[in-house]
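Number of protein chains: 2
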Amino acid sequence: MKDSESINCLDCKRSAKCFKKLIPSELEFINQNKTQILYRKGENICKQGAFASYVLYISDGLVRLYLESPSNKNINLKILKTSEFIGLSSIYGDNIYNYSTVALENSTICLIEKDSFRKLLTDNGHFASEIIKWYCENEKQLFNKIQSLNNKQMHGRLADTLIYLCNKSLQEEKAFSHLSRKDIAEFAGLSTESTVRLLTELKNENIIDITGKDIKILNLQLLKEISRRG
Amino acid sequence: MKDSESINCLDCKRSAKCFKKLIPSELEFINQNKTQILYRKGENICKQGAFASYVLYISDGLVRLYLESPSNKNINLKILKTSEFIGLSSIYGDNIYNYSTVALENSTICLIEKDSFRKLLTDNGHFASEIIKWYCENEKQLFNKIQSLNNKQMHGRLADTLIYLCNKSLQEEKAFSHLSRKDIAEFAGLSTESTVRLLTELKNENIIDITGKDIKILNLQLLKEISRRG
DNA sequence: CTGAATTATTGAGATTGCTCAATGGATTAA
DNA sequence: TTAATCCATTGAGCAATCTCAATAATTCAG
Chain S
289 MKDSESINCL DCKRSAKCFK KLIPSELEFI NQNKTQILYR KGENICKQGA
339 FASYVLYISD GLVRLYLESP SNKNINLKIL KTSEFIGLSS IYGDNIYNYS
389 TVALENSTIC LIEKDSFRKL LTDNGHFASE IIKWYCENEK QLFNKIQSLN
439 NKQMHGRLAD TLIYLCNKSL QEEKAFSHLS RKDIAEFAGL STESTVRLLT
489 ELKNENIIDI TGKDIKILNL QLLKEISRRG
Chain R
289 MKDSESINCL DCKRSAKCFK KLIPSELEFI NQNKTQILYR KGENICKQGA
339 FASYVLYISD GLVRLYLESP SNKNINLKIL KTSEFIGLSS IYGDNIYNYS
389 TVALENSTIC LIEKDSFRKL LTDNGHFASE IIKWYCENEK QLFNKIQSLN
439 NKQMHGRLAD TLIYLCNKSL QEEKAFSHLS RKDIAEFAGL STESTVRLLT
489 ELKNENIIDI TGKDIKILNL QLLKEISRRG
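Chains as they are written, first to last, in the working numbering: chain S, 289 to 518; chain R, 289 to 518.
As structure tokens, then:
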């Protein structure tokens, strides 16, 4: 978090690819219909089930997205970074968020009026197409998650999680420093205890290196093999 | 399947809501860039991993959509009916299908050139918005699936599956008559044997009624309670 | 109609991964 | 610094669910 002063969308240096498809008047329109808010580390940016009036855009920050369940057993779906959207899935349909998000570090979020966002979608097919690209990629990730949860046992699931969390862009964000063992477990769909046990195992086999909270993959090939075998 | 003669899109009586957003010249454009194919019961309409050049549209039929895994353990995601799309998630991104589909009964499928479909999306924001509506609904379903698989045990998962498969529109299609116990199990993410045992249990408790392949819910309230409790 | 093949059902034992409990380490507040 | 709290780790037992095997029922081809 560098500043909390509201940036004009036309000057925004952290704008997503889709915004490049807008003409100046449309960008100005968004600018008129957005608010910028600073969320502090640990604060919920949106809550599953809550009324969704805005599409959220991460102007600067790091966010964990997860599904809640009545049984108090959550599932982490992804870590979102600067220039990513939250809540695109609530543009149409029920007017509620389908998931919760929490700020992993202080984050500046742009709240864009949903109605305004919709107007841009209908007015500008190029903009809408970029959003559809996002949905395509997003769905692929959800399919991966489903396959991981349904077809793999502990080892495979944790391997999938580690491969995801160690990807280059999350490494840059030092994602692990913001995640507890419980968080990692909730990515893999495991109990915290099982996760700890497996992590120790992987460390002893020199497949990963653990330094404090940080985890580094030493043998990616082998980890991928574990993921593949399930 | 009533006929296999290619219908002109402008005359199509089974067109999805999004097509209503197209102007006649755009409909004609689709008409020029589509082919219609009859798939017989049991045939694969698309295969996960295969090259995806078309967006598929069910002109008339019933289709099961599932994810495959190397371990030969599949997951059924949904049953698609007349006027629904297959493969919308492959419009952008890798040029491959992310899932497989199989015809549950003889089905007439329209294959629409992907490039043409994309052109309509960029040209017509209202059309694109309808597709985005589809994605929103679709994502919600996937979240439900993830929550069901990750947070619930056998009873809750099977309850979810039965509630889904017994919904009014699938009832009309006699979905169960096309599904084996294994298919039901792969909806719930259970082994076939566990599924059979649980079904018998539910029948003995008069929560469902089993007549041949058909299953009817007798006590929806209780089934929902089982789903809720997980 | 009849055997062959597939699908459904049931039982018993094996396995996976969870829960609970205890302990140690780290971080925070005063 | 010292509690107090929270998080991480480890062990042991237990519960959920799968796998394997045997049998019954159904469907299908000729």
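Glycine included, every Cβ here is placed at the ideal spot set by N, Cα and C.
Computed from a predicted model, the values in this text were never measured in an experiment.
Cβ atoms of serine 404/R and isoleucine 318/R come within 8 Å of each other, at about 7 Å.
Nearest neighbour of arginine 406/R by Cα position, chosen from Ile420/S, Gln435/S, Lys366/S, turns out to be Ile420/S. Three or more Cβ pairs drawn from the segment 389-402 of chain S and the segment 318-328 of chain S lie within less than 8 Å of each other, which places the two stretches in contact. Listed in chain order, the positions of the segment 442-453 of chain S with a beta carbon within less than 9 Å of a beta carbon of chain R would be empty, since no residue qualifies.
Residues of chain R whose Cβ lies closer than 9 Å to the Cβ of glycine 500/S do not exist, since the nearest Cβ in that chain is about 29 Å away. Between the segment 495-506 of chain R and the segment 476-486 of chain R there are fewer than three inter-stretch CB-CB distances shorter than 8 Å, so the stretches are not counted as touching.
Per DSSP, reduced to three states, the secondary structure at leucine 392/S is strand.
Closest in alpha carbon position to lysine 402/R, among Ala340/R, Asn492/R, Leu486/R, Glu493/R, is Ala340/R.
For the segment 420-433 of chain S, the residues whose beta carbon sits under 8 Å from a beta carbon of chain R are, in order, Ile420, Lys421, Tyr423, Cys424, Glu425, Asn426, Glu427, Lys428, Leu430, Phe431, Lys433.
Assignment of beta strand (DSSP E) within the segment 327-355 of chain R, counting only whole runs of 3 or more residues, yields 332-334, 342-348, 350-355 in chain order. At a cut-off of 7 Å, the C-beta of asparagine 507/S has no neighbouring C-beta in chain R. Of all residues in the segment 377-401 of chain R, those with a C-beta nearer than 9 Å to a C-beta of chain S are Ser377, Ser378, Ile379, Tyr380, Gly381, Asp382, Asn386, Tyr387, reading in chain order.
Using a Cβ-Cβ distance cut-off of 8 Å, the segment 359-371 of chain S and the segment 408-419 of chain R are not in contact, since fewer than three pairs of beta carbons, one from each stretch, lie closer than that value. Using a Cβ distance threshold of 7 Å, glycine 518/R and serine 359/S count as a contacting pair. In this structure, leucine 437/S keeps its C-beta atom at 7 Å or more from the C-beta atom of tyrosine 387/S. Here glutamate 331/S is near alanine 391/S, since their CB atoms are less than 7 Å apart. Within the segment 353-380 of chain R, the complete beta strand (DSSP E) segments at least 3 residues long are 363-369, listed from N- to C-terminus. For glycine 413/S, the nearest beta carbon of chain R is closer than 7 Å to its own beta carbon. Taking a beta-carbon distance threshold of 7 Å, serine 359/S counts as an interface residue toward chain R. Neighbours of serine 371/R in chain S, taken as residues at a C-beta separation under 8 Å, are lacking, since the least C-beta distance is about 18 Å. Membership of aspartate 411/S in the alpha helix (DSSP H) is indicated by the continuous run 402-411. In the displayed model, leucine 315/R falls within a helix according to three-state DSSP. Shown here, isoleucine 325/S sits in a strand according to DSSP, grouped into three states.
In the structure shown, cysteine 398/R adopts extended strand secondary structure according to DSSP, grouped into three states.
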